[in-house]
Each structure stands twice: as C-alpha cells, then as structure tokens.
Amino acid sequence: MSPTISMKYFLNCVAALLLFVSATTAFAQASVAKADGVWTGQWETHWSEGGGQITLEQRGDVVTGTYPLYGVRLEAKVHGREVRGSWSDGDSASALKGDFILTLGSDGKTFSGRFGTRGWWTGERVAVSEELAAINLRSPRDAFVGFLAAGNRAQAGMVDAWGPAADAVEFVASSVPLDPPLTRSERILRAASIFELIDLTTL
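Pasting the structure below:
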C-alpha cells in the first residue's frame, strides 16, 4: 500500500470516528434531557424587569410550569438541551402571552434564554422553598405591618414576597371597579411603588 493511500485511509477513519463521537454525544444529551426530567424542579429566576421562582415539571419531551408570583402558566417542548414554548397569565382575551426559549447549562443547575419581548431570562435551580404566608388583614395596623415586612423581604432578595404584599393592598374602592381590572403584574408593580414611597418617608 502506497504512503498516499495509507494517509487517505487514516484521515477517512479519523473523520468517521469524529462524526460518530459527535452524533453519539448529541444523541446522549438529547436522551438525558428527555428521559431524566432534568427540567423538573424549582428555579430562582431573573429577567430584565423582575424575577421570582418558577416550578417546572418534565414528562418526556413536554415541560409545564407555573410562575406563582405573576399567575403565569408555562408550556414547552424539549429540543436537546433547549425548551421552546409559550407563557400566559390567563385565558381571557386581555391576558398577556408570549414565547420563550431556554437553554440548560452544562451543570444542569442553571439556564439562560429569552423571555418573549422582555429580553433575557436566567434561572438557577433551588431547593423547594416554603410557601409564603398570607398577611394578617384583621386590622389596618396588622395589614400595614405585614405589608412592610413583605416589602423588606422582597427588597432583600426574596422577590416572591411581593405576592403577599400585593394581596394586602386594595388599589381601588370596591364601589368603583377598574375596567379592565389590574393584572397581577400591575398589582405587584403598584405594591412595590407604594413600599418605595413609604420607605422614603422612614427616617
């Protein structure tokens, strides 16, 4: 066998081996992402306008989840190490909706991606946290103290505490309902603004 033929044979073998390894790795990653339910769990997330914890459940190549703070539902399909899907905060005609694409990190503990028109979205896997207790509303004083405590927790990094804080505030008189009513996101933003105003008056 001539040296030229031997070299061509060697290079062909190397190319075939690299192609096999690449295909095997891609198949293994896709299989792990689907079979092991790597997206299942609780995640602490951050995006350009806020954050909060989401809970995801993966069954096969289908991922569903909830964003309790904003009342958002998530539905997606697994594509390798990515999930691509949609989110919505309700079934009404005025409900906010959008798409998202997330990519699982190589450590299986983080993700990054895009959250519709709201820019980047990142997450880190966390242990299951205790559900935040509702604020005591038996008196104006109890409601105010509970609201301040929840706001302080939210500013300290426990973003989901804005949920109970918003639930403790009546934004309009019950005799004059808003049409359309405030969305969950709008209620949370208003609660945060009220807390910031109160915080500015504190010496």
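For the sequence shown, our numbering assigns the number 55 to the initial residue and increments by one for each residue that follows. For each residue, glycine too, the CB sits at the ideal point set by N, CA and C.
> Under a three-way DSSP split, which group does E250 fall into?
Replying inline: As a position in the sequence shown, residue 250 is number 196, starting the count at 1. In the structure shown, E250 sits in a helix (DSSP, three-state: H, G or I).
> Would you call the CB atoms of A245 and A219 closer than 7 Å?
Replying inline: On the sequence shown, residue 245 is found 191 positions in, with the first residue counted as 1. On the sequence shown, residue 219 is found 165 positions in, with the first residue counted as 1. Yes, the pair counts as a contact, with Cβ atoms nearer than the cut-off.
>> Output needed for I242: all residues of its chain with C-beta closer than 6 Å, excluding positions within five of it in sequence on either side, in chain order.
In response: For the purposes of this step, residue 242 is taken as the residue at position 188 of the sequence shown. Cβ within range, chain order: W216 and A220.
>> Tell me which residues share the same chain as R123 and place their Cβ nearer than 6 Å to its Cβ, disregarding the 5 neighbours each side in the sequence.
In response: For the purposes of this step, residue 123 is identified with residue 69 of the sequence shown, where counting begins at 1. The amino acid occupying residue 123 in the given sequence is Leu; Arg does not appear at that position. So the list reads G106, D214 and G217, once near-sequence residues are dropped.
> Three-state secondary structure (DSSP) at T237?
Replying inline: Numbered from 1 along the sequence shown, position 183 holds the residue referred to as residue 237. DSSP places T237 in coil when its eight states are reduced to three.
> What did DSSP end up calling D145 once you bin it into helix, strand or coil?
Replying inline: Position 91 of the sequence shown, counting from 1, holds the residue named residue 145. Judged by DSSP in its simplified three-state form, D145 adopts coil rather than helix or strand.
> CB W141 to CB Q112, shorter than 7 Å?
Replying inline: As a first step, residue 141 must be located in the sequence shown, where it is residue number 87. As a first step, residue 112 must be located in the sequence shown, where it is residue number 58. Annotated as distal: W141 and Q112, with beta-carbon spacing of 7 Å or more.
>> If distances are taken between C-alpha atoms only, which option among T176, H133 and I108 comes closest to H100?
In response: The residue labelled residue 100 in the question sits at position 46 within the sequence shown. Ranking T176, H133 and I108 by CA distance to the CA of H100 puts T176 first.
>> Can you check which of these residues, V116, F225, F201 and A147, is closest to I252 by C-alpha distance?
In response: Here residue 252 refers to the residue found at position 198 of the sequence shown. The shortest C-alpha separation from I252 is found at F201.
>> Between which residues of its own chain and R179 is the CB-CB distance below 6 Å, once the five residues before and five after are set aside?
In response: Residue numbering aside, residue 179 sits at position 125 when the sequence shown is read from its first letter. If we look at R179 and ignore the five residues flanking it on each side, its Cβ neighbours are G95, W97 and K163.
> If you draw a straight line from the C-alpha of T109 to the C-alpha of L158, how long is it?
Replying inline: Here residue 109 refers to the residue found at position 55 of the sequence shown. Here residue 158 refers to the residue found at position 104 of the sequence shown. T109 and L158: Cα-Cα distance of roughly 15 Å.
>> In the DSSP output, which residue or residues are listed as bridge partners for R168?
In response: If you number the sequence shown from 1, residue 168 lands on position 114. Beta-bridge pairing links R168 to I155 and W174.
> What is the rounded straight-line gap between the Cα of E129 and the Cα of G144?
Replying inline: In the sequence shown, counting from the first residue as 1, residue 129 sits at position 75. In the sequence shown, counting from the first residue as 1, residue 144 sits at position 90. When the Cα atoms are used, E129 and G144 turn out to be separated by approximately 13 Å.
>> What does DSSP give as the partner residue(s) for T99 in the beta ladder?
In response: Position 45 of the sequence shown, counted from the first residue, corresponds to residue 99. The bridge partners DSSP lists for T99 are G106 and G177.
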